[in-house]
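Residue numbers (my numbering), protein chains in the order written: chain A, 325 to 381; chain B, 23 to 262; chain C, 835 to 1059.
Even for Gly, the Cβ is constructed at its ideal location relative to N, Cα and C.
Predicted model only: the values in this text are computed from it and were never measured.
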Amino acid sequence: MAEFLSMGGYGSFICSAFGLSALVLIGILIQSQRFLKTSEAELNSLQPEDTSDGVKA
Amino acid sequence: MFNYFANPTRFLRLTSKLQPIAMVVTLITMGAGLYYSLFQSPPDYQQSETVRMMYVHVPAAWMAMFCYVALAASSAVVLIWRHMVADIVAKSTAPIGACFTFLALATGSLWGKPMWGTWWVWDARLTSVLILFFLYLGYMVLYNAFDEPTRGARAAAILAIVGVINVPIIKFSVDWWNTLHQPASVVKMDGPAIHSSMLTPLLLMAVGYTAFYFWVLFIRSRAELSAYKVRALRIRQAEG
Amino acid sequence: MNVFWKVFTSLIQREIRLAIRHGADSMMVVMFFVLVVVLFPLGVGPEPGILTRISAGVIWVAALLSAMLSMDRLFQTDFEDGSLDLLILTPQPLELLVLAKTIAHWLTTGLPLIIISPLLALLLNMETSGYGVLLAALALGTPTLSLIGTIGAALILGARRSGFLLSLLILPLFIPTLIFGVSAVDAALIDLPSKPQLLVLGGLLLASFALCPWASAAALRQAAE
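Structure follows, in structure tokens:
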């Protein structure tokens, strides 16, 4: 395990590259989900009676 | 087909349907890609283990350019047909593309430190990708700099189209100038120049990144569409 | 055609006359240019060897910043007092009117920079072999900056925080001009041919000459709507 993590001495670089990628991608995913939730909630609060036009997916 | 999906309600229904598919494709290909790139691919004879960073760097760089082309294409539709769905796609693409560009720069830098001995070199490829990053930032700031949203959308669309000139520069910068950055080895006329044991994880990750783009794009466009409707309703309420 | 030339030249004359009457813009650009360059010897130290080494880069970066400084007023006053709407309504193509404004802008801000630059090269201890190439590179490069800058100036009309926005939009697009402008002078300073870089600068100028007026005119049209 330790040998795998060190990756011939480049472990820290490889880990940060994969870790940073995961962090940024998951970050924008969560931010987008939140954006979707808040904007749909706001829309529903404005037109609570109308759900037929496909807004509520 | 274009006209068919240009209807916002149909577009919303379509994105809602495609979103879980994109999610499943992303999770499967990225999971497999990660397994292959970390455990199942051999170290390179020149770059040893650092070659593994390629599997997150190269797809990010591809997607950075892909997103920009998508941004510019939908911006052209915004300007020519003034269509709202194209505007939503463009606006939703910009932050995703900026993230991919940032990742391409950051992972490239992490690879450069052990391989070239420096975090950054001012060669043509790196500089043109940095310009791409600023174009994305400029697009997003310009979009939000106006009180009237349609003005921002159109001004930003013009910027996106002007910036498209940077895409061929990025693509060919490694061929036109002598740089430290290695030339393309996957997309070549005479077939890929890398071994299949490395091509498998790379392609898996590339498909995963592409599916991820569409996944987030669908989420963001649905959100933008709702925000658009909220704005329209508010205006209608204000006008009585 | 005759009418068109009349409009074209009278627009250039109007811009130049305005610039001379206000007098401020050209002077401001030149003074900013000089001040930025003068800061460098004070910042990096007066050692002649270092100054010689960085002279081309400093002059180019300062020229870039001063070109940008003059840019945000390019269409702003026309936009505010309504003359922009008149320009758009004239039967002549807006692209060519934009070009006339760009030429006038270059004559009032770019040209003074070129004229003053040998003096600054002197202050920065540049070797004599670089002067000619510096002038040639600036002569090819500053019109490109003006042309690219008009796009940014047209895009930011009516925007919030337009000054910051302008720099974010056009400084990245200035980078190619900067790179080849500096490397032309650097090549001349170490006795290498600088013709390739000058040719690239000329190519950049022709490309932006052909493309930028379209983009600026499109931006102006949507700003005036």
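Whose C-beta lies closer than 8 Å to the C-beta of residue i among residues of the same chain, with five residues either side of it excluded?
| i | result |
| --- | --- |
| residue 956 (chain C) | none |
| residue 136 (chain B) | 72 |
Please list, in chain order, all residues of the same chain as residue i whose beta carbon is under 7 Å from its beta carbon, the five residues on each side excluded.
| i | result |
| --- | --- |
| residue 54 (chain B) | 226 |
| residue 989 (chain C) | 1003, 1053 |
| residue 975 (chain C) | 1011, 1015, 1035 |
| residue 1056 (chain C) | none |
| residue 842 (chain C) | 930, 934 |
| residue 860 (chain C) | 853, 942, 943, 946 |
| residue 378 (chain A) | With a pLDDT of only 48 at residue 378 (chain A), under the threshold of 50, the placement of this residue in the model should not be trusted; the figure read from the coordinates follows. Excluding residues within five positions, none has a Cβ falling inside 7 Å. |
| residue 970 (chain C) | 1032 |
Should residue i and residue j be called a contact, given that it needs their Cβ atoms to be closer than 9 Å?
| i | j | result |
| --- | --- | --- |
| residue 29 (chain B) | residue 107 (chain B) | yes |
| residue 132 (chain B) | residue 157 (chain B) | no |
| residue 97 (chain B) | residue 246 (chain B) | no |
| residue 888 (chain C) | residue 972 (chain C) | no |
| residue 86 (chain B) | residue 367 (chain A) | no |
| residue 71 (chain B) | residue 335 (chain A) | yes |
| residue 134 (chain B) | residue 144 (chain B) | no |
| residue 101 (chain B) | residue 176 (chain B) | yes |
| residue 987 (chain C) | residue 850 (chain C) | no |
| residue 160 (chain B) | residue 882 (chain C) | no |
| residue 909 (chain C) | residue 923 (chain C) | no |
| residue 1043 (chain C) | residue 901 (chain C) | no |
| residue 1058 (chain C) | residue 164 (chain B) | no |
| residue 371 (chain A) | residue 34 (chain B) | no |
If we define contact as Cβ-Cβ less than 9 Å, is residue i a contact residue for chain A?
| i | result |
| --- | --- |
| residue 23 (chain B) | Note that residue 23 (chain B) scores 49 on pLDDT, short of 50, meaning its location in the model is unreliable; the coordinates nonetheless yield the value given after this. Chain A, which has no Cβ nearer than 9 Å to the Cβ of residue 23 (chain B), makes this no. |
| residue 245 (chain B) | yes |
| residue 118 (chain B) | yes |
| residue 170 (chain B) | no |
| residue 252 (chain B) | yes |
| residue 237 (chain B) | yes |
| residue 299 (chain B) | In the structure as shown, chain B starts at 23 and stops at 262, and residue 299 (chain B) therefore has no counterpart that could be examined. |
| residue 248 (chain B) | yes |
| residue 133 (chain B) | yes |
Nearest by alpha-carbon distance to residue i: which of the options is it?
| i | options | result |
| --- | --- | --- |
| residue 348 (chain A) | B:118, B:65, B:71 | B:118 |
| residue 188 (chain B) | B:161, B:90, B:233, B:95 | B:90 |
| residue 845 (chain C) | C:936, C:876, C:893 | C:936 |
| residue 75 (chain B) | B:58, B:88, B:86 | B:58 |
| residue 1069 (chain C) | C:958, C:909, C:848 | Residue 1069 (chain C) is absent from the structure shown; chain C starts at 835 and stops at 1059. |
| residue 927 (chain C) | C:1058, C:1059, C:1048 | C:1048 |
| residue 915 (chain C) | C:991, C:851, C:864 | C:991 |
| residue 154 (chain B) | B:73, B:185, B:137 | B:185 |
| residue 81 (chain B) | B:228, B:32, B:31 | B:228 |
| residue 51 (chain B) | B:195, B:243, B:233 | B:233 |
Taking Cβ positions only, does residue i come closer than 9 Å to chain C?
| i | result |
| --- | --- |
| residue 108 (chain B) | no |
| residue 176 (chain B) | yes |
| residue 173 (chain B) | yes |
Taking 9 Å as the CB-CB cut-off, is residue i touching chain B?
| i | result |
| --- | --- |
| residue 992 (chain C) | yes |
| residue 379 (chain A) | In this prediction, residue 379 (chain A) scores a pLDDT of 47, lower than 50, which makes its location untrustworthy; the coordinate-derived value is nonetheless stated afterwards. Yes, contact with chain B. |
| residue 918 (chain C) | no |
| residue 1047 (chain C) | no |
| residue 1056 (chain C) | yes |
| residue 893 (chain C) | no |
| residue 996 (chain C) | yes |
| residue 1052 (chain C) | yes |
Enumerate in chain order the residues of its own chain whose CB-to-CB distance from residue i is below 6 Å, with the five nearest sequence positions on each side excluded.
| i | result |
| --- | --- |
| residue 99 (chain B) | 105, 108 |
| residue 897 (chain C) | 947 |
| residue 1028 (chain C) | 967, 1018, 1021, 1022 |
| residue 220 (chain B) | 63 |
**Prompt:** Per the contact definition of three or more C-beta pairs closer than 8 Å, is the stretch 144-158 of chain B in contact with the stretch 117-135 of chain B?
**Reply:** yes
**Message:** Can you confirm whether the stretch 925-932 of chain C touches the stretch 949-958 of chain C when touching is taken to mean that 3 or more C-beta pairs between the two stretches lie within less than 8 Å?
**Reply:** no
**Cβ contact (3+ pairs, closer than 8 Å) linking the stretch 36-46 of chain B and the stretch 233-242 of chain B** = yes
**Prompt:** Pairing CB atoms from the stretch 167-178 of chain B with CB atoms from the stretch 1013-1024 of chain C, are three or more of them under 8 Å?
**Reply:** no
**Request:** Give a yes or no on contact between the stretch 969-984 of chain C and the stretch 898-905 of chain C, applying the rule of three or more CB pairs nearer than 8 Å.
**Result:** yes
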